[in-house]
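What follows is one structure encoded as structure tokens, with my remarks underneath.
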Amino acid sequence: MKSSYTDNNYGELIEALVRVYQPQTCVELGCLEGYSSVHIARGLKRNGFGTLAIIDLFEDYAFNSSEQTVLQKNLAQYEVEAYCEIIKGSAFDEANRFANQSVDFLHADISNDGERLQQIFNVWSAKLSAGAVILLEGGSKERDTIEWMTRFKKKPIREFYETPAFKDHFEHFVFDPFPSITICKKRA
Ligand SMILES: C[S@@+](CC[C@H](N)C(=O)[O-])C[C@H]1O[C@@H](n2cnc3c(N)ncnc32)[C@H](O)[C@@H]1O
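Numbering (my numbering), first residue to last: 1175 to 1362.
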């Protein structure tokens, strides 16, 4: 499966977090071909319970996207489709499907930048349960200065981490190897 996470085996880290935190309700924003989805769902399967809602625009996203059928094929190949619900739609509009404080594990990977993360947290913070775990693609200095972030003058992700909306409510740790991944925990 094509994914920027494969080089550093971040899938193993994602699966390990699902095993340790034992979430009931997981949501993923942005799946591409399903590399991260498969690892979240594998963790759920090994836990023996839990669900993963996978939200993606698929063919409606003009840039780096994949087809829904590719995701379905990969979930089936790894025998985790029973744990997954696929929702074709916007990461922002589909949040209203979830009750407040109902999401235990959120993975956000939708061409993240600082402003995009601010928008995600505006919509999803209230949906998170106390102690929820949030994984965010990016967070390193190197990721904040890649070509498209600089060319389009995107707000650095690390600037978002300095805002009260984030730092007053979440602990976080960044794994630096590119593209980097941030593990956050909502304070109880
Ligand atoms: C970098 S890829 C996700 C990579 C994936 N998590 C992995 O493990 O390789 C970004 C995905 O976000 C989706 N996307 C971008 N903007 C979105 C939005 N506003 N709502 C839902 N999905 C979005 C794209 O269609 C694409 O599949």
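Note that beta-carbon positions come from the ideal geometry of N, C-alpha and C, so glycine has one too.
{"query": "Burial state of valine 1201, where buried means 16 or more other Cβ atoms lie within 10 Å", "result": "buried"}
{"query": "6 Å Cβ shell around phenylalanine 1352 - same chain, five flanking residues per side excluded", "result": "Glu1316"}
{"query": "Proximity of glycine 1312 and serine 1354 at Cβ, strictly below 7 Å", "result": "yes"}
{"query": "heavy atom of ligand 1 below 6 Å from tyrosine 1179 C-beta", "result": "yes"}
{"query": "Distance between beta carbons of alanine 1362 and glycine 1305, contact taken as under 8 Å", "result": "5 Å"}
{"query": "8 Å Cβ shell around leucine 1191 - same chain, five flanking residues per side excluded", "result": "Gly1217, Phe1279, Val1307, Leu1309 and Ile1357"}
{"query": "Ligand 1 heavy atom lying under 6 Å from the CB of alanine 1265", "result": "yes"}
{"query": "Bounding residues of the beta strand (DSSP E) (the contiguous stretch that carries glutamate 1345)", "result": "1344-1349"}
{"query": "Contact under 7 Å by Cβ, histidine 1205 with aspartate 1230", "result": "According to the sequence as given, residue 1205 is cysteine; it is not histidine. Against a cut-off of 7 Å, the Cβ pair of aspartate 1230 and cysteine 1205 comes out as a contact."}
{"query": "Residue span of the beta strand (DSSP E) that contains glycine 1305, given as start and end", "result": "1302-1311"}
{"query": "Start-to-end residues for the beta strand (DSSP E) that takes in aspartate 1267", "result": "Premise fails: aspartate 1267 is in no beta strand (DSSP E) and is neither H nor E."}
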